[in-house]
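Taken in order, these protein sequences are the chains called G, Y, A, H, V and F. Residues 4 to 330, numbered by the numbering used here, are exactly what the first sequence covers, in order. Residues 4 to 330, numbered by the numbering used here, are exactly what the second sequence covers, in order. Residues 4 to 330, numbered by the numbering used here, are exactly what the third sequence covers, in order. Residues 4 to 330, numbered by the numbering used here, are exactly what the fourth sequence covers, in order. Residues 4 to 330, numbered by the numbering used here, are exactly what the fifth sequence covers, in order. Residues 4 to 330, numbered by the numbering used here, are exactly what the sixth sequence covers, in order. Glycine residues also receive a C-beta, built at the ideal position from the N, C-alpha and C atoms. None of the values given here were measured: they were computed from a predicted structure. Note sheet for the following structure.
6 protein chains.
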Amino acid sequence: ITTFAHLPYVHCLANESEDVEKYDIAILGAPFDTGVTARPGARFGPTGVRQGGIRIGAEFSWNVYTGRNAFLEGFRVVDCGDAPLTFLDNTIALKQLDKAHKVISGRKANHTGYTVPRIITLGGDHTTTLPALRSTYHHWGAVSVIHFDSHIDTWDPEVLGGGLSHYAGVNHGTFLHIAHEEGLIKNTSIHAGIRAPMANKKYDLKNDKACGFSILTARDLDKFGTQGIIDKLKERVAGSKVYISVDIDVLDPSYAPATGTAEVGGWTTRELLTILDGLDGIELIGADVVEVAPIYDNPGETTVLAAAEVVHSLIALMAATPVNALS
Amino acid sequence: ITTFAHLPYVHCLANESEDVEKYDIAILGAPFDTGVTARPGARFGPTGVRQGGIRIGAEFSWNVYTGRNAFLEGFRVVDCGDAPLTFLDNTIALKQLDKAHKVISGRKANHTGYTVPRIITLGGDHTTTLPALRSTYHHWGAVSVIHFDSHIDTWDPEVLGGGLSHYAGVNHGTFLHIAHEEGLIKNTSIHAGIRAPMANKKYDLKNDKACGFSILTARDLDKFGTQGIIDKLKERVAGSKVYISVDIDVLDPSYAPATGTAEVGGWTTRELLTILDGLDGIELIGADVVEVAPIYDNPGETTVLAAAEVVHSLIALMAATPVNALS
Amino acid sequence: ITTFAHLPYVHCLANESEDVEKYDIAILGAPFDTGVTARPGARFGPTGVRQGGIRIGAEFSWNVYTGRNAFLEGFRVVDCGDAPLTFLDNTIALKQLDKAHKVISGRKANHTGYTVPRIITLGGDHTTTLPALRSTYHHWGAVSVIHFDSHIDTWDPEVLGGGLSHYAGVNHGTFLHIAHEEGLIKNTSIHAGIRAPMANKKYDLKNDKACGFSILTARDLDKFGTQGIIDKLKERVAGSKVYISVDIDVLDPSYAPATGTAEVGGWTTRELLTILDGLDGIELIGADVVEVAPIYDNPGETTVLAAAEVVHSLIALMAATPVNALS
Amino acid sequence: ITTFAHLPYVHCLANESEDVEKYDIAILGAPFDTGVTARPGARFGPTGVRQGGIRIGAEFSWNVYTGRNAFLEGFRVVDCGDAPLTFLDNTIALKQLDKAHKVISGRKANHTGYTVPRIITLGGDHTTTLPALRSTYHHWGAVSVIHFDSHIDTWDPEVLGGGLSHYAGVNHGTFLHIAHEEGLIKNTSIHAGIRAPMANKKYDLKNDKACGFSILTARDLDKFGTQGIIDKLKERVAGSKVYISVDIDVLDPSYAPATGTAEVGGWTTRELLTILDGLDGIELIGADVVEVAPIYDNPGETTVLAAAEVVHSLIALMAATPVNALS
Amino acid sequence: ITTFAHLPYVHCLANESEDVEKYDIAILGAPFDTGVTARPGARFGPTGVRQGGIRIGAEFSWNVYTGRNAFLEGFRVVDCGDAPLTFLDNTIALKQLDKAHKVISGRKANHTGYTVPRIITLGGDHTTTLPALRSTYHHWGAVSVIHFDSHIDTWDPEVLGGGLSHYAGVNHGTFLHIAHEEGLIKNTSIHAGIRAPMANKKYDLKNDKACGFSILTARDLDKFGTQGIIDKLKERVAGSKVYISVDIDVLDPSYAPATGTAEVGGWTTRELLTILDGLDGIELIGADVVEVAPIYDNPGETTVLAAAEVVHSLIALMAATPVNALS
Amino acid sequence: ITTFAHLPYVHCLANESEDVEKYDIAILGAPFDTGVTARPGARFGPTGVRQGGIRIGAEFSWNVYTGRNAFLEGFRVVDCGDAPLTFLDNTIALKQLDKAHKVISGRKANHTGYTVPRIITLGGDHTTTLPALRSTYHHWGAVSVIHFDSHIDTWDPEVLGGGLSHYAGVNHGTFLHIAHEEGLIKNTSIHAGIRAPMANKKYDLKNDKACGFSILTARDLDKFGTQGIIDKLKERVAGSKVYISVDIDVLDPSYAPATGTAEVGGWTTRELLTILDGLDGIELIGADVVEVAPIYDNPGETTVLAAAEVVHSLIALMAATPVNALS
Ligand SMILES: [Mn+2]
Ligand SMILES: [Mn+2]
Ligand SMILES: [Mn+2]
Ligand SMILES: [Mn+2]
Ligand SMILES: [Mn+2]
Ligand SMILES: [Mn+2]
Ligand SMILES: [Mn+2]
Ligand SMILES: [Mn+2]
Ligand SMILES: [Mn+2]
Ligand SMILES: [Mn+2]
Ligand SMILES: [Mn+2]
Ligand SMILES: [Mn+2]
């Protein structure tokens with residue numbers, strides 16, 4: 004019975020009327036991958052990341068870099084298991100995930116000075132970020148997104164998939180466009196690690212900017228160093244609540260082979276974790292790690308080990324800076 | 004540039020008005036796997052089976068058991084490549100596949116005494132059999148299906164997936180039910196190799212029978228021997244045109260690990276090929292090999308080698324017995 | 004949060020004084036592999052077998068061969084998770100496992116006419132059978148063991164490991180000798196599938212017989228057929244309570260590569276499951292599947308799929324024939 | 004420092020004038036694979052088979068079927084390591100291997116009543132059998148070959164490769180033709196397990212017969228049973244000295260995925276070992292196991308475990324029946 | 004039917020007298036690996052690199068770093084499939100490859116202001132560069148080679164292999180020596196990424212220099228940075244036509260495990276692609292990516308993804324700077 | 004018969020009274036992994052590292068960075084094979100390893116001006132360093148340890164494992180604590196590459212310091228560069244004899260997936276080798292490479308290639324600076 008980092012399993016997804024143990028930070032699996040355009044398999048992401056996290060545990064987590072133990076900062080971190088999602092109809096599945104987020108974030112937090120529990124989603128393909136942003140909007144209003152990815156994911160549904168049908172237009176390459184249209188995100192969002200090609204410079208970049216994003220490419224890291232990247236990210240989102248979405252393909256395939264649309268020339272795990280830890284102090288109200296598809300992993304579990312440590316850093320960022328919901 | 008068994012590549016999918024090289028038996032890839040309920044990956048099936056077939060070639064195919072070379076019986080066998088199918092909307096994808104079958108089977112055959120080309124589909128998940136049966140119906144009317152599978156695949160869409168939405172009800176476990184409802188198959192169809200569990204004996208078996216099927220289980224082979232199985236299959240479909248659908252999971256996972264819903268306790272490749280070769284003489288008007296998901300294969304390519312040899316046997320059955328379409 | 008076959012997770016291992024949900028048949032993981040002499044890795048066996056069982060579920064388990072659904076025969080089957088076992092000291096670990104068995108079998112059963120819950124252990128290396136037999140002895144007295152294995156596992160601790168130290172003498176090749184010495188098993192026990200070599204014919208076989216065993220080799224199946232094997236097994240244990248221990252290496256490495264001391268020339272999964280299902284009617288009071296080491300498995304999970312189906316058959320045997328404990 | 008079955012390593016390949024420890028049966032690695040037409044990798048065969056044999060050892064080898072320990076029958080079995088072979092020029096490499104056989108078989112045997120040591124070669128691709136047959140010819144004259152393979156390997160160098168150049172004509176599909184032309188084998192040789200296709204029935208079979216072979220196909224086993232196959236093999240070679248060559252592709256790819264030209268529909272390991280053990284009594288003067296290419300093996304080492312056990316059976320056949328060289 | 008980056012397949016290898024569709028840049032597979040000294044498998048390189056390139060396509064290739072789409076710069080890029088090469092005689096195979104280059108580069112280019120098509124070869128072992136250089140010599144005279152590799156590959160045939168025979172001397176470690184002797188390359192060539200050991204400092208380096216090369220080691224990158232490396236490469240080849248040969252083992256085995264003679268301590272993909280893109284402006288008249296052996300790749304296809312992106316960058320360099328042949 | 008880098012195999016482990024060939028630097032395998040707390044498998048480390056080293060050889064080892072050939076500096080380097088170690092009782096096994104070190108280092112060196120042979124141990128889990136340090140203490144007294152690892156490994160046996168039993172307290176996380184208590188190491192030791200979490204900052208770090216260690220973290224490399232790390236290491240151990248222990252998990256899992264307790268965010272192979280080569284000049288009297296568990300390696304052998312090159316660098320450090328034992 005594997006939970007992330009041996010966290011207590013709480014049946015957070017029980018009927019809203021039913022009482023469950025209280026919590027502050029909730030891990031939620033979103034086993035979904037029928038919104039992808041290339042290699043499927045992210046439906047096994049939550050199981051994979053939990054497997055990658057079996058070597059992490061509250062009693063042995065004093066961090067040599069930050070000097071803190073994310074699990075012992077006064078917040079109760081729990082694993083809520085996986086949202087029940089169908090693989091047979093995306094429309095239904097996303098509604099099921101909306102519901103799961105609503106139920107989990109709708110319970111009263113465990114910590115006294117902090118009212119709404121925060122959620123870290125384990126994808127699933129990147130489409131699963133959309134229900135998460137709908138949920139954070141409900142409690143905190145529009146947020147700035149720090150989006151680690153090799154792809155921009157703001158493509159217009161009319162362009163990517165939508166030519167076929169409305170159904171096809173909601174996918175892992177368009178969800179940020181839709182989030183923008185639904186008013187869930189602010190114009191101070193930012194991509195980091197971008198390197199995948201685009202269809203059309205003029206249109207894609209203009210559209211991306213219209214969705215509220217600026218861009219840091221993968222090779223920008225060679226220009227600015229990790230500290231430079233940290234500074235630029237913090238500057239961009241200064242003054243707003245922040246949602247961090249980590250598409251594991253921001254890492255190079257050497258570090259994260261187990262993903263659907265791997266792009267070579269990416270960041271190393273040491274670089275990504277240094278950057279994440281450097282974001283200390285931002286008001287992080289939600290986060291996710293998505294696009295982990297363990298069936299493509301190395302026998303040594305290279306990818307899921309990296310993904311689990313990313314989740315660990317995200318928990319630490321939340322634990323370092325409590326955030327109250329809109330009253 | 005890999006084609007199955009180094010067959011000539013013909014652009015059969017060109018616009019119907021465009022002339023292409025003639026053919027009698029056409030290999031068609033159907034890279035589709037968004038109709039599955041478990042492990043995805045069959046979208047890479049056509050590529051995998053072609054890879055498994057690179058050691059087969061017309062100039063070196065005199066068969067030690069049948070004493071014949073399937074490629075030199077007077078029929079032109081070609082590879083048409085893959086149908087262009089979207090992964091983002093099943094409804095659209097199945098229409099795209101209907102179209103592909105229509106175009107390919109709609110051209111005039113190469114052989115003078117035999118008017119309609121026959122198609123062997125490389126799946127893709129089992130849903131891809133539905134467009135194939137629609138196509139054979141158009142040319143030959145309702146057919147008897149010999150269905151090699153560990154699963155019955157006649158589940159009612161209302162039961163398997165359909166509770167969620169109509170969209171969800173069309174999938175790799177219901178396609179035979181739908182085929183029956185559309186009148187594409189006869190009441191003299193038969194399953195072989197069945198061993199997967201059912202939801203409800205009474206309902207499932209009654210429904211299966213209503214769809215036109217009788218059942219041979221995997222362990223029936225131990226009772227009757229390969230010759231006994233051959234006799235029962237031939238007897239069941241006697242007098243009708245036949246479509247053979249081979250779900251690779253009819254083989255034991257030891258022989259075919261690379262599939263989405265593997266069931267242990269299956270047949271060996273030697274058993275399956277002996278049975279297929281024994282069906283010599285039936286009027287085979289269409290066939291497929293489906294549910295091959297190469298990402299789960301062994302380094303030695305165990306599954307795709309087996310799947311390719313099954314395709315080889317299917318070509319041999321077609322080449323041995325020409326069949327004319329309805330006039 | 005993966006349990007075997009999606010069974011409810013019950014915290015059976017809670018303190019004896021604490022009330023938990025009732026159950027009749029309990030799955031217990033025993034993640035232990037420091038008693039092996041060759042390739043380690045069985046500590047991940049319980050996780051692996053549960054992973055292999057995710058496609059099994061109560062609502063879809065009507066068996067085409069037996070005509071029954073093992074989960075719907077009136078007994079409550081649950082998953083108790085894993086016993087907490089140290090990897091650093093075998094003596095302590097086996098005591099921890101003794102304790103786990105005692106606690107789990109010590110609770111009152113759920114079913115009214117049947118007092119003691121029965122346990123199916125997921126190993127772990129074969130040493131984990133020893134605590135299981137101590138537990139069944141406590142409730143049912145000495146039992147006949149049907150031992151499916153390529154190895155006899157009755158070696159004298161003085162011979163296998165014991166020359167080094169007493170500590171070393173308790174291992175996966177000697178546990179049946181120790182069980183015999185502790186009086187836990189009857190002289191009507193039997194091995195099935197034996198093919199591994201021995202050190203010394205005279206001594207080994209004499210010692211094995213003294214431990215209460217007769218032998219059916221792997222190739223005996225070719226001589227007697229599955230029905231012959233079933234008859235001989237039933238005859239041998241007639242009139243006694245029975246414990247079934249399945250070392251997954253009874254299967255050929257083609258079917259179960261993921262094990263520590265694989266021996267070629269073994270049985271197929273179809274053969275093993277036919278034999279297990281044929282044992283219907285015996286009074287089965289405990290069982291296990293051991294020596295599954297998933298790190299050696301094929302990408303398609305060949306071994307854990309087979310192991311999960313063996314567990315399924317063992318549950319069915321228990322569900323078919325309730326047994327009361329000694330009063 | 005891994006030797007086959009922990010046998011003593013003897014530097015048999017030292018200069019002929021140099022004295023080395025005596026032996027009766029010698030294991031010799033032939034790491035060579037530039038004579039193949041498909042997937043290379045057999046150059047790692049000797050290392051792989053030794054790795055597969057690490058669980059075998061003289062002190063623990065009493066066989067449950069034969070009732071004997073092949074290592075304790077009075078003959079000294081040793082491992083001579085690998086012949087030094089270049090990968091850059093086949094002509095040179097085969098001469099190097101001729102030399103290695105000459106040196107190893109040229110020393111005086113250890114056993115008093117038996118003058119010439121016998122060699123079991125670990126290939127290497129099948130071309131490595133040619134130098135072995137030259138060596139046995141030197142000591143015992145022309146022999147009958149029992150050739151386990153899915154391919155006949157008697158193709159005419161003019162047809163397979165030779166159209167290009169003489170150099171190309173010496174390969175793993177023509178070596179038996181060449182052996183016949185050099186007069187090394189008798190007209191009472193036999194293939195077993197054949198199933199691969201041929202180029203041309205008339206020519207290939209006529210040529211095969213001219214080379215001295217009759218054929219048992221893979222499916223003949225279903226017709227005659229293992230005992231029937233044993234009887235036919237013994238009958239064919241009755242009265243002559245015998246060389247056994249086992250191309251590992253005689254096994255089904257499920258049992259031996261790690262080979263260059265795998266053919267589905269093959270034998271199981273249980274079947275092959277039963278047949279080999281049944282050949283007890285023949286005068287076996289040389290043997291080999293070839294075409295093992297470990298880079299394609301399963302993580303659980305399925306193929307090399309099987310290959311090692313085949314070597315074990317070959318040693319047992321030699322140990323059971325000493326043979327004197329021509330005087 | 005997989006071509007590189009979904010490029011049109013043109014039958015460029017048709018008889019010279021036969022007309023085919025016109026092209027400017029041609030991808031050519033050279034499936035050859037019998038010139039290697041270590042792990043074979045590069046014969047599957049062309050298929051592997053094409054597989055790695057299936058996510059690349061002209062309609063979605065606007066590059067975020069260069070701001071250009073290599074496929075839309077006015078040149079027609081096509082895939083010519085694989086040259087037919089025998090595995091049984093290197094001498095013949097290299098002649099077959101000479102012929103293929105001659106035919107493909109001998110056709111009139113599609114672009115009006117630019118007469119000779121340029122070829123990017125997908126190896127195959129590094130020996131395949133030799134026929135490519137013979138072909139570029141014919142059209143452009145002697146060229147400077149930028150050789151990315153961990154090995155120098157200028158060994159004297161007399162030293163590496165040639166001691167055995169002339170045949171053995173032509174291999175993947177000597178081809179640059181031979182190219183020098185044939186006068187195909189200029190004395191302004193340069194290696195980059197060198198780190199493999201040498202036999203003898205004095206001789207090897209002197210000989211290397213005599214062949215026209217200077218050296219940048221792998222760790223030189225730490226000293227000079229990517230821009231420093233770019234500057235040194237451009238300076239070295241200034242004023243001459245350039246051929247770029249990328250042995251994939253220039254990357255660290257973490258980034259490119261699937262190669263025959265992997266050397267640890269190499270470059271990352273981000274570093275290599277930054278350097279390649281920085282060479283913008285050179286007159287590139289031919290290029291290759293060699294030594295990709297997919298059988299050693301990770302399940303996530305780490306190596307072939309990297310190799311495909313290298314090919315993409317090479318196409319971009321060609322598309323950026325047209326070059327006319329000698330008149 | 005594979006030795007590291009084709010070194011001569013010497014039977015160094017023969018009875019002390021028996022004469023064997025002389026040597027100066029000895030490779031010793033320590034196949035032991037029952038002291039681990041997570042993924043087992045390091046018992047196959049020695050075989051794996053030797054396999055990784057087959058491409059290294061004395062006749063081809065002129066290093067492009069150091070300008071030297073470690074095998075031709077006047078010292079005789081040999082492979083002693085593996086110490087015979089039981090897997091069934093750690094206490095016994097460590098005594099067996101003590102004995103092996105004593106025997107191998109107890110023979111007279113081959114080199115005239117240098118009396119005691121030095122040993123490089125191939126682990127095995129990290130516990131195997133303890134017998135090595137006992138052995139170096141005997142000849143050279145207490146030493147400074149340079150410990151490359153992601154973990155500190157100085158945990159108190161009472162804390163890590165010892166709560167259970169004394170037996171459990173001796174393991175791969177406590178061996179440096181025990182070495183300190185036995186007086187084997189000096190207070191000028193240092194860790195490099197640390198990044199794994201700790202249980203308790205105050206206690207763990209105080210205890211670590213008390214054991215004689217200072218710490219360089221993995222990310223310190225980004226701060227100081229490789230030259231900075233080299234300087235700090237040399238400064239710390241200045242004036243003492245040095246033992247280098249390389250836990251392969253100091254590398255990132257992308258470079259060394261095949262280990263038991265992989266920690267993401269580690270060093271690259273290029274960084275580690277640059278640092279090791281930079282230590283040139285220290286008085287290195289013993290070294291090891293541990294925690295290599297090949298069963299988790301990539302098909303391309305990523306980890307063992309890296310581990311073998313680390314061994315190569317360690318040999319070079321020893322060959323560059325001879326050290327005399329205490330008289
Ligand atoms: Mn992405
Ligand atoms: Mn994304
Ligand atoms: Mn099926
Ligand atoms: Mn099906
Ligand atoms: Mn066993
Ligand atoms: Mn056992
Ligand atoms: Mn063969
Ligand atoms: Mn052969
Ligand atoms: Mn190279
Ligand atoms: Mn090269
Ligand atoms: Mn460590
Ligand atoms: Mn350590």
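Next item on the list: May I ask you to report which of helix, strand or coil DSSP gives H175/A?
Entry: Reading the third sequence from its first residue, position 172 is the one you call residue 175/A. Residue state, collapsed to three classes: coil.
Next item on the list: For G306/V, go through chain H and note every residue whose CB falls closer than 8 Å to its CB, in chain order.
Entry: One-based indexing of the fifth sequence puts residue 306/V at position 303. According to the sequence as given, residue 306/V is Thr; it is not Gly. Going along chain H, no residue has its Cβ under 8 Å from T306/V, so there is no contact; the nearest lies around 14 Å.
Checklist line | With 16 other Cβ atoms within 10 Å as the buried cut-off, status of D27/Y | finding: Your numbering for residue 27/Y matches position 24 in the second sequence. Looking at its Cβ environment, which holds 16 or more other Cβ atoms inside 10 Å, D27/Y is buried.
Check: How long is the line joining the alpha carbons of G352/Y and I233/G, rounded to whole angstroms?
Finding: Coverage of chain Y is limited to positions 4 through 330, which leaves residue 352/Y absent and any answer about it impossible.
Next item on the list: Indicate the three-state DSSP secondary structure (helix, strand or coil) for A322/A in the structure shown.
Entry: Your numbering for residue 322/A matches position 319 in the third sequence. If DSSP states are grouped into helix, strand and coil, A322/A belongs with the helices.
Next item on the list: Kindly examine ligand 7 and report whether one of its heavy atoms sits closer than 7 Å to the Cβ of I243/H.
Entry: In the fourth sequence, the residue the question calls residue 243/H occupies position 240. The sequence shown places Ser at residue 243/H, not Ile. For ligand 7, not one heavy atom lies less than 7 Å from the Cβ of S243/H.
Next item on the list: State whether the segment 44-56 of chain V contacts the segment 300-315 of chain V, with contact taken as three or more CB pairs (one from each stretch) at a distance under 8 Å.
Entry: Yes: the two stretches touch, three or more of their Cβ pairs being nearer than 8 Å.
Checklist line | Length of the line joining the Cα atoms of D92/G and R137/G | finding: For this step, residue 92/G is matched to residue 89 along the first sequence. For this step, residue 137/G is matched to residue 134 along the first sequence. Rounded to whole angstroms, D92/G to R137/G spans 20 Å at the Cα level.
Checklist line | Which of helix, strand or coil DSSP assigns to R79/F | finding: Residue mapping note: residue 79/F aligns to position 76 of the sixth sequence, counting from 1. The answer is coil: DSSP assigns R79/F none of H, G, I, E or B.
Item checked: Rounded separation between S257/F and D300/F - CA only -> Taking the first residue of the sixth sequence as position 1, residue 257/F is located at position 254. Taking the first residue of the sixth sequence as position 1, residue 300/F is located at position 297. Cα to Cα, the separation comes out at about 10 Å.
Note to self: What I want to know is whether the C-beta of E238/F ends up closer than 7 Å to one or more non-hydrogen atoms of ligand 12.
What the structure shows: Residue numbering aside, residue 238/F sits at position 235 when the sixth sequence is read from its first letter. Incorrect: E238/F has no Cβ contact closer than 7 Å to ligand 12.
Check: Cα separation between A8/V and A33/Y?
Finding: Start at 1 with the first residue of the fifth sequence, and residue 8/V comes out as number 5. Start at 1 with the first residue of the second sequence, and residue 33/Y comes out as number 30. For A8/V and A33/Y, the distance between alpha carbons rounds to 20 Å.
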